[in-house]
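Undergrad: In the numbering used here, the protein residues as written are 876 to 1374. Ideal Cβ placement from N, Cα and C applies to all residues, glycine included. None of the values given here were measured: they were computed from a predicted structure. What follows is a single structure, and I will ask about it in a moment.
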Amino acid sequence: MHIQYLTRRLGRLENGEVVIGKVKDRELESPRVLYFLREECEIATNKLYEEVGLPFRVSSKSYKALGIDQEPTKHRGVTNHMQGTELEEKNKEIIAENAKKIYENPEIVFGRISYTKPVFTKEDIAIALSDALMVHLVSKGSNVAKEQEAIREFGKGLVQECSSSENASQNIENNSVANTANDQADSRANNPAIEHLNKEYGEEFLRLYNQLLISDKIELMDQKDLMGRTLYSLKSRVNLERRYISAIEELNAKEEHNLNINAESLERNSLKEQIGDLVNVVGANLQNKFNDKIGGSLGLKLNVFGSKNYVFSSEQIDAILSVCNGSDISVLEGNPGAGKTFVMREIVRQYKKEGFKVVGTGPSSVSAKVVSRNAGIKADNTSLLRKKITESKGANFKIDLSSKYYEEEEYFKSLGCDSVFNFMRQDVLDSKTVLIVDEASMIELANMDYLAHEVLRVKAKLVLVGDNNQFTAVGMTGAFNKARKIAGITLLLKVSFIL
876 MHIQYLTRRL GRLENGEVVI GKVKDRELES PRVLYFLREE CEIATNKLYE EVGLPFRVSS
936 KSYKALGIDQ EPTKHRGVTN HMQGTELEEK NKEIIAENAK KIYENPEIVF GRISYTKPVF
996 TKEDIAIALS DALMVHLVSK GSNVAKEQEA IREFGKGLVQ ECSSSENASQ NIENNSVANT
1056 ANDQADSRAN NPAIEHLNKE YGEEFLRLYN QLLISDKIEL MDQKDLMGRT LYSLKSRVNL
1116 ERRYISAIEE LNAKEEHNLN INAESLERNS LKEQIGDLVN VVGANLQNKF NDKIGGSLGL
1176 KLNVFGSKNY VFSSEQIDAI LSVCNGSDIS VLEGNPGAGK TFVMREIVRQ YKKEGFKVVG
1236 TGPSSVSAKV VSRNAGIKAD NTSLLRKKIT ESKGANFKID LSSKYYEEEE YFKSLGCDSV
1296 FNFMRQDVLD SKTVLIVDEA SMIELANMDY LAHEVLRVKA KLVLVGDNNQ FTAVGMTGAF
1356 NKARKIAGIT LLLKVSFIL
């Protein structure tokens, strides 16, 4: 993905003309801004995948940050279609070194798959193995894309789904390029890459593939994809999911933040709010008179005061009561225009009225600002919130969470900082806190697990907010969907209008 933007500030001449100034905004050249843009691209791309129901995701993190022992190739830019360049040779060296590492430790392939697909098929394993080992087999001067696709098809053809584990080995051995579909035969005929693959790499490929299938790092899932194919996942992810589910179930069993309010409570505002409403009504009347009698002739129209207060629909009242009177985990979903913003504001108002602190978070800085503005609360992106929580305990913050983060020494240190002697610490979350997580479906499992356990640890309440999408992406929304199944869903479906 390429991003292009100006780094110079805009200026305005005396005549009002806007020009590009001489002064650069150095902040825009900092790595921090680049990381921010990459994270925003990741979130926007994954959100689109989720909305259209595609089982993919992208990551802005590097191989190193993801814990994958591979080196990325160098971006070639304008030299992409040029042969024999120094950059091309460097990339070949990187590819060869990566392939060597996979020969020595084929389980690296799981890392390459799982950072884009939390659940995967045998075919995905074959494709990743083909890409990792054999991309350098593409012959010079050929149609690179065509030959790479042929190599991929070769790998997939070798490992087609087998009817049973007993005949899997025999089926794989009998499955060759000659036995694949007729419509693929022409593309593979006289292909030097495939011929070389058959002669030199076929046997080794099958050895590594079979080694991966019996690896103790993956686990067979109890579900299949839409094509009926068996699904696998990393065992570390499965264990993390089980840990997360346990936290959600515990939260769902508690009702420490049940306000026991009724519909009438939503209409009884405080004296301060009643005065505010009165000012709004009086101001609206004066505003309307000005617009009718004076503003029209002057070409002015004031729009400072709303004409009427917002009136909740029965569906919205039910949603507010469900969250405020529910367990310590609530899931709120709504269609665009269904009044989710007004519902969130009222939920915040009710909890604050009872002496609770309400804080918000979202997967990105943009989403955090949105929830802050919509709900009228202080909000940070998920990474920054984790940073504040970690540092409030006197521990060191780590921006990337692995699927085994809870087994790492630093995490245990942060738990140890909860000692009774640490009386100077000011908790970010406590038992009188309600944490609202907006765009919860876009937050990855490790972060959701961290937040769920932190809320459980301090005896707070967790409110997950998301959009009601018809399609959901496999794996990407795993954490959010699991919370929905356990805690149930509060839905806002009817589009409402401000009266």
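1. Suppose you measure from the CA of residue 1250 to the CA of residue 1220; what does that come to, to the nearest Å?
2. Relative to the C-alpha of residue 1107, which candidate in 1283, 1121, 993 has its C-alpha closest?
3. Across the segment 1099-1113 and the segment 995-1007, are there enough close Cβ pairs to call them in contact, namely three or more that are closer than 8 Å?
4. Excluding the 5 residues flanking residue 1246 on each side, which residues of the same chain have their C-beta closer than 7 Å to its C-beta?
5. Looking at C-alpha atoms only, which residue of 1203, 1113, 1092, 963 is the closest neighbour of residue 1131?
6. Quick one: using the 10 Å Cβ neighbour count with 16 as the cut-off for buried, is residue 960 buried or exposed?
7. Would you report the Cα separation of residue 886 and residue 900, rounded to the nearest angstrom?
8. Starting from residue 1307, trace the alpha helix (DSSP H) in both directions and tell me its first and last residue.
9. Can you tell me whether residue 895 is helix, strand or coil according to DSSP?
10. Does the beta-carbon distance from residue 990 to residue 918 come in below 9 Å?
11. Is the separation between the beta-carbon of residue 1194 and that of residue 1366 shorter than 9 Å?
12. For residue 1093, which residues does DSSP report across the bridge?
13. Leaving out five residues before and five after residue 981 in sequence, what residues of the same chain have Cβ atoms less than 7 Å from its Cβ?
14. Can you name the residues that DSSP bridges to residue 1254?
15. Identify every residue that forms a DSSP beta bridge with residue 995.
16. Any idea what DSSP makes of residue 1186, helix, strand or coil?
17. Using a Cβ-Cβ cut-off of 7 Å (strictly less than) and excluding sequence neighbours within five positions of residue 1362, which residues of its own chain qualify?
18. Ends of the beta strand (DSSP E) at residue 1381?
19. Would you tell me roughly how many angstroms separate the C-alpha atoms of residue 1226 and residue 1242, rounded to the nearest one?
20. Hey, would you say residue 1080 sits closer than 9 Å to residue 1005, going by beta carbons?
21. Check for me: the beta strand (DSSP E) holding residue 1205 runs from which residue to which?
22. For a quick check, are the C-beta atoms of residue 1233 and residue 1264 less than 9 Å apart?
23. Count the other C-beta atoms from every protein chain shown that fall within 10 angstroms of the C-beta of residue 1223, then say buried if there are 16 or more, exposed otherwise.
24. So is residue 882 buried or exposed if we call it buried at 16+ other beta carbons inside 10 Å?
25. Of the residues 1337, 976, 1135, which one's Cα is nearest the Cα of residue 1307?
TA: Quick look at the numbers:
1. 5 Å
2. 993
3. yes
4. 1235, 1237, 1254, 1311, 1313
5. 1203
6. exposed
7. 12 Å
8. Looking at the DSSP string, residue 1307 is not in any alpha helix (DSSP H), and its letter there is neither H nor E.
9. strand
10. no
11. yes
12. 1109
13. 1083, 1086, 1087
14. 1235
15. 1107
16. coil
17. 1123, 1127, 1202, 1204, 1205, 1206
18. Nothing about residue 1381 can be read from this structure; the chain reaches only from 876 to 1374.
19. 22 Å
20. yes
21. 1204-1209
22. no
23. buried
24. exposed
25. 1337
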